[in-house]
Amino acid sequence: MQTYTGCPVANPSSCNQLPFRFKQGCRRSGGHTSSVVGTVCTDKGKTEYYLSVNGKAWSGTSPTNVNIGGVNYKVIVSDSKSVPSAQNSDTQSNFNHAEQKLFSHIQDAYKGQKANVNIAVQNTSRNEPGMCTGCGNTSQTFAEMNKEFNVNIYQGSTGTNQ
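Right under this line is the structure:
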């Protein structure tokens, strides 16, 4: 299990403290739910906090802003597709994965600006912590599209599912 010591992003395990539940049956392939938290610090001193979950796991009645441990997060629920998705297999892409949605949102909101982007990815897999292969590829594309960003990605798992 990955530890997040020194991670400048709020500990992703704090997502377990959300005061509501994700929709039942929403898991990406392999049965793993993924949550992602991120911060963006601009060169103008502004810091924004974001939370995203994979697929349709976010219930339509869930809030669009949440407070976790005193930190207010804007919830990213859709993928604008501004960062291209990548294939995980012959039949599946990473479209609508938590990481993909957050990459696209940050691309849309901060393109052309200097910013420190810190993202922590947590899934529930015992065997494959962090991002899937497609999101790993997308993270590289995101960084290449935004050379003015300083991008750090931290990965781990709760280890609660096979």
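Residue numbers are given in my numbering: position 25 of the sequence shown equals residue 8, and the series is strictly consecutive.
The beta carbon of each residue, even a glycine, is placed where N, CA and C say it ideally should be.
* To do: Grab me the residues of V49's own chain with a C-beta within less than 7 Å of its C-beta, minus the 5 sequence neighbours each way, in chain order.
  => L1, L34, Y56, V58
* Write down every uninterrupted run of the alpha helix (DSSP H) in the stretch 47 to 121 whose length is 4 residues or greater and which is fully enclosed by it, in chain order. => 81 to 93
* **Proximity of V20 and I102 at Cβ, strictly below 9 Å** => yes
* Rounded to whole angstroms, how far is the Cβ of Q138 from the Cβ of M114, which I believe are closer than 8 Å? -> 6 Å
* **Neighbour-count burial assignment, T74, 16 or more Cβ in a 10 Å radius** => exposed
* Quick one, are the C-beta atoms of A69 and N120 less than 9 Å apart? -> yes
* How long is the line joining the alpha carbons of S140 and T116, rounded to whole angstroms? -> 15 Å
* From the DSSP output, read off the bridge partner residues of N133. => N99
* Taking just the CA atoms, how far does H80 sit from T143? -> 19 Å
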